[in-house]
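Structure, as structure tokens:
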Amino acid sequence: MSLLKQKFLFLDCQTTGMRPPTGALLELGWGVASAEEQGAVMSRIVKLPEGHWLPGKVKEITGIRESMLEEGVAEEELLGLLDIACVSSEAAPALVHYAQFERAFLDDFFVRQGRELPFPFICTYRIARKLYPNVPSRNIRGILGYLGFPFREIKRAEAHVRATMEVWSELAKELAVLGIHDLAALNAWLEEKPKPKKKGAAPVKFEYRVDRMKRLELPPRPGVYRMISKSGDILYVGKATSLKDRVNSYFRGKKGRDPKKLEMMAQVWDLEVTECGSPLEAALLETDEIKRLDPPYNISLKAGRRELHFYNRDFTATSAEQSAEFCQGPHRSSNGIEQVRQLLGEVNEAQAKRVLYEPIAEETYASGYALFAAKNFPELAAPTARQLIALGMHSLRRLKKAAEVEEEAVEELMEEEAAATEEAEAAEAAESAEPLEELAVDLSPEEVAEKLDRVLLRAALDYRRAKGLTRMLNAEVRWQGAEGERVLRFRNGKMNADEPDGSEFPWRALGIQDYDRMSVLISEVQKGDYRVERYGGRA
DNA sequence: CCTGTATTGTCCGGTGGAAC
DNA sequence: GTTCCACCGGACAATACAGG
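Throughout the first sequence, residue numbering follows the working numbering, covering 24 to 562 in sequence.
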């Protein structure tokens, strides 16, 4: 029978681990189809055996949560369903992407049911590797995009099965071109030895679907670039000082590159760029474009579920909107001020974890806290958040004065602060709620006190940052461009907008995109030779 | 993150042809 | 006959990459 018409049983397993003894089958997806005719796809969540649970990482990867386990079927029931599928596939082989993974689980499954595996496996990964040896990434997403299918999220078993069907529909056509027309020929071809292996020959490069000249002819000027799939999905948006250099850097080299980026590059068929007058404008356009398009391979600057936070005067409560009561901000959900607020409760192990994100023995933390208190507020038994932040501002000013001698100190601190915030946000976003193995960190009380001092500084930096961001909402940025002076005007956070000045609470109608825009503006302005003035001010 | 595997890289002794 | 060295295959280690 022709390979194009040959029916196969397509399969995919989601599991709680890597291999049967440690991991258990969590979900099975299957469907019967041929290259020319896709069939229906089914899937079932499987009851986990005693002693198995859903690891946080697996929840994150699959999107399966505990509540869904309730609808899990028993293995006997699954066996029945699978037998029905085998009948309708006429006992054809199973087609699976990276079959060695599912084989282990299904083998285990059938053995435990007192049966033998009723079908052989054919691996689409192996076929793809042979057909396209130089694709940057051969995982299911990479191959799917390389073959020109639209980008989509692939998490659950059903989506994996559909993806495998689509991949096969293309691979089968390619095989036909090579004269492989039936199962026997396919198996023989897969058995063939790799190649004679030429010595000292070309060092094999990745192959991309993007037209080479298109990227080589990009202008060496600032701008925003977009990576695009064959079907027009925007996969990634980035900015560049030189579009030509930046974009081409994605296509160079083969070793040690981020696998996520390689997966993306396998799927890129086209590029689009927007030239900008300056790196500053490119950065501003980038942040807005990421919000507008929500590209799957961008990580930072995405809106996601991020929200702005405003505090009341005493920092005792927060609101998502700025108002007379909640005037202080904007801040992100995890920030230095939040850490300081955590410092107000009882001094115990739980507080240590909330403030320092590390498990620390209760006694160590308590004596560290005592040191910190004696140094910073000897007269106060229970300082308020406001007082603590004021203390932080005080230290910050002192540090800055010292920094006139030692340039780097403050910058280092700023960088550290940014990293800490990112880390906290990442932890929040991951929401994997995995009860991490809690190894108490071995710190001295002095080190704890020092860390608490840093918390105050971080809060002060956040406080100052909010002021700085607010100042940028209505500002003019001037710099010397190649063709004379250039200026960008911001009003209520929008670039070159012509609206009346905002209210006393300028963030009231603004959101995370405005916050990011102002952040980008500040960080770009710090990098170059820019002058910032209040909007409408005269030089 | 982690785990299993396949591929690639490296080191080694052995071989055989060319030069003396 | 001896020496040199390019080249090969086998054994083992390192690395890359798929999966959840």
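Just so it is clear, CB atoms sit at the ideal spot from N, CA and C, and this is done for glycine as well.
DSSP places Met188 in the helix class (H, G or I) of the three-state scheme.
Of the residues assessed, Asp311 falls on the buried side of the cut-off, its CB having 16 or more other CB atoms within 10 angstroms. Under the 8 Å Cβ criterion, the stretch 269 to 283 counts as touching the stretch 228 to 245, having at least three qualifying pairs. Assignment of beta strand (DSSP E) within the stretch 109 to 170, counting only whole runs of 3 or more residues, yields 117 to 119 and 144 to 146 in chain order.
Taking a 10 Å sphere around the C-beta of Ile87, we find 16 or more other C-beta atoms and assign the residue as buried.
If you check the CB distance, Arg149 and Leu213 come in under 9 Å. DSSP places Leu34 in the uninterrupted beta strand (DSSP E) bounded by Phe31 to Thr38. Within the model, the alpha-carbon separation for Leu307 versus Arg540 is close to 6 Å.
Taking Met188 as the centre and dropping the five residues before and after it, the same chain places the C-beta of Phe33, Ala56 and Gln61 closer than 6 Å to its C-beta, in chain order. Apart from the 5 residues on each side of it in sequence, Ala472 sits with its Cβ closer than 6 Å to the Cβ of Gly391, Leu394 and Phe395 in its chain, given in chain order.
Considered as a whole, the stretch 236 to 308 harbours 246 to 251, 257 to 263 and 293 to 298 as its complete beta strand (DSSP E) runs of no fewer than 3 residues, in chain order.
Comparing alpha-carbon positions, the option among Arg336, Phe338, Met250 and Asp256 lying closest to Thr297 turns out to be Met250. Each residue's CA atom was taken as its position, placing Lys490 and Leu533 some 15 Å apart. Linking His354 to Arg152 through their CA atoms gives a straight-line distance of about 48 Å. Under a 10 Å Cβ-count criterion, Asp35 is classified as buried, with 16 or more other Cβ atoms of the shown protein chains found around its own Cβ. In this structure, Tyr388 is the residue among Tyr388, Arg514, Pro529 and Arg512 with its C-alpha nearest to the C-alpha of Lys474. Its Cα nearest to that of Ser112, the residue Lys30 stands out among Thr45, Lys30 and Glu527.
Taking a contact as a CB-CB distance under 8 Å, the pair Phe142 and Ala117 counts as one, their CB atoms being some 5 Å apart. Collapsing the DSSP output to three states places Thr310 in a helix. Here the C-alpha atom of Val119 lies approximately 31 Å from the C-alpha atom of Asp317. Inter-segment contact for the stretch 323 to 340 and the stretch 505 to 524 is absent: fewer than three beta-carbon pairs are separated by less than 8 Å.
Listed as beta-bridge partners of His354 by DSSP are His332. Val69 is positioned such that its CB atom lies closer than 9 Å to that of Glu50. Sequence-distant Cβ neighbours of Phe174 in its own chain, meaning closer than 7 Å and more than five residues away, are Gly168, Ser252, Asp256, Leu258, Gln290 and Pro319. For Met495, the three-state secondary structure derived from DSSP is helix. Here the C-alpha atom of Pro72 lies approximately 12 Å from the C-alpha atom of Pro43. Only residues of its own chain outside the window of five on either side were considered, and among them Arg42 and Pro43 have a CB closer than 6 Å to the CB of Ala127, listed in chain order.
The closest CA to that of Gly46, considering only Ala58, Gly202 and Glu125, is found on Glu125. Taking the Cα positions, Lys28 is about 25 Å away from Gly165. With a cutoff of 9 Å on beta-carbon distance, Gly551 and Pro302 are scored as near each other. Counting the other Cβ atoms within 10 Å of the Cβ of Ile313 gives 16 or more, which makes it buried.
One alpha carbon belongs to Arg138, the other to Ala114, and they sit about 15 Å apart.
Taken atom to atom, the span from the alpha-carbon of Gln123 to that of Arg161 is near 15 Å.
When rounded, the separation of the alpha-carbon atoms in Gly52 and Val64 is 7 Å. The beta-bridge partner set that DSSP reports for Lys82 is empty.
Tyr248 sits close to Leu294, with the two beta carbons spaced by under 9 Å.
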